[in-house]
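Data block below; observations after.
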Amino acid sequence: MTVTEIYHFGAMALNLHCCCLSARFISFHSEVRDFRSGCLNRTSKLSANSPKIYRIRSSANSSNQLTLRTCRNCKAQFDPSLNHPRACRFHTAHFGGETKRKFESVHTGGTMDTPDSGKVLQYWHCCGSEDPFDPGCTAAPHSSYDDV
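Its first residue numbered 21, the sequence shown is counted upward by one per residue in this note's numbering.
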């Protein structure tokens, strides 16, 4: 196979791939359009196969503004009506470290020079994870500063 043949073969494969993606895209959008028209057509009768529409609650005050609270544990804002038992992930202890000893005791047979000497090891003190961006080892509902 020559370079030109490989190029044309690759172009045909790419064109075929794009056509397949295009067909999937059109098929997906026609399904969405059919779903929307079925949901918006109020005169149609509901059957067992009709799409179901679910409502999501949110807490809003009298002026219809969303009321968000700040979690004491993860510091994220949350909607109290959507809070659940595993909504918040946090660590129960701090992320810190300790320094390896610079040298070992000569009296116990140490060499005064160890390979990891002076290295700072940082980790979460609650679970031992060394990733500072670890989402948390404890799961609980969000706890607001307003909840006293």
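We put the beta carbon where it would ideally sit given N, CA and C, even for glycine.
Computed from a predicted model, the values in this text were never measured in an experiment.
| said: With three or more beta-carbon pairs closer than 8 Å as the criterion, would you say the segment 137–150 touches the segment 82–97? | reply: no
| When the Cα of PRO105 is compared with those of TYR165, ASP167, ASP166 and THR158, which residue comes out closest? | THR158
| Hey, would you say HIS111 sits closer than 9 Å to CYS147, going by beta carbons? | yes
| said: Alpha carbons only, please: which of GLU150, GLN85, HIS162 and SER163 is nearest the one belonging to GLY116? | reply: GLU150
| query | How is the beta strand (DSSP E) around PHE110 delimited, first residue to last? | reply | 108–110
| In terms of DSSP beta bridges, what is CYS91 paired with? | SER164
| field | Rounded straight-line distance, which links the Cα of ARG109 to that of ALA160 | value | 7 Å
| request: Kindly indicate which residue of ALA107, PRO100, ASP167 and SER164 has the alpha-carbon position closest to the one of GLY156. | output: ALA107
| field | Residue(s) in a DSSP beta bridge with ALA159 | value | ARG109
| message | Can you list, in chain order, the residues of its chain with a C-beta nearer than 7 Å to that of ASN103? Leave out the 5 residues immediately preceding and following it. | response | PRO161 and HIS162
| field | Contacting residues, own chain, Cβ-Cβ under 8 Å from TYR165 (five flanking each side not counted) | value | ARG89, THR90 and ARG92
| field | Residue range of the beta strand (DSSP E) that includes GLN142 | value | 140–144
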